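Each remark here refers to the structure printed beneath this line.
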Amino acid sequence: MKSLPVLTFLFSIFFFHQSSSSSSSTLPITYNVLNLGAKPDGKTDSTKSFLSAWALACGSTQPATIYVPPGRYLIGRPANFGGRCKNSAITIRIDGTLVAPSNYNVLGNAGH
C-alpha cells in the first residue's frame, strides 16, 4: 500500500498541471453579427453589423471569430474588410447566406 501516496502525489501533479495550462490559454472571442444588429431577413441592410464585427475582431488582442448564424443577410453597400488589423488570428464562420442587393447600382462604381 506504499504506492497509494505516490499515486495520489502523481495525480495531484497531473491535475495541477492540466488546470494551470488550460487557464493560461486564451480562448477565442466570438462576435455574433446578430448581437451587433444584423437582421437575418435578407431585406434589412446588415452591412454596419458586419463592419462592426470586423472592427471588434481586428481590435482584439486575442484570437477572434466572426460568426454569421443561419439566415439571409443583406450586404447593401460597399464593405471593406481590410486595413490595419492588429489581430492576425481572425476566423469568419458563415452558417448563413450573404445576399447582394437586387439593384447592383446601389453599390455604385466602388470596384467591388
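Residue 3 is where the sequence shown starts when you use the numbering used here, and the numbers rise one by one after that.
Backbone N, C-alpha and C fix where the C-beta goes; we use that ideal spot for every residue, glycine too.
Computed from a prediction, not measured in an experiment: that's the story for all the values here.
Q) Which stretch, first to last residue, makes up the alpha helix (DSSP H) that contains G61? A) Position 59 of the sequence shown, counted from the first residue, corresponds to residue 61. Residues T49 to G61.
Counting C-beta neighbours from all protein chains within 10 Å, is the total for I96 16 or more, i.e. buried, or is it exposed?
Stepping through the sequence shown from its first residue, residue 96 is reached at position 94. Flag for I96 reads exposed.
- prompt: When the distance is taken between beta carbons, is R86 closer than 9 Å to C60?
  reply: Your numbering for residue 60 matches position 58 in the sequence shown. Your numbering for residue 86 matches position 84 in the sequence shown. Taking 9 Å as the Cβ cut-off, C60 and R86 qualify as a contacting pair.
Using CA atoms only, rank isn't needed, just tell me which of T93, N105 and L100 is closest to P65. Stepping through the sequence shown from its first residue, residue 65 is reached at position 63. Selected option, being the one with the closest Cα: T93.
Exposed or buried, which one is S51 when buried takes at least 16 other CB atoms within 10 Å? Taking the sequence shown and counting its residues from 1, one reaches residue 51 at position 49. Buried, since its Cβ has 16 or more Cβ neighbours within 10 Å.
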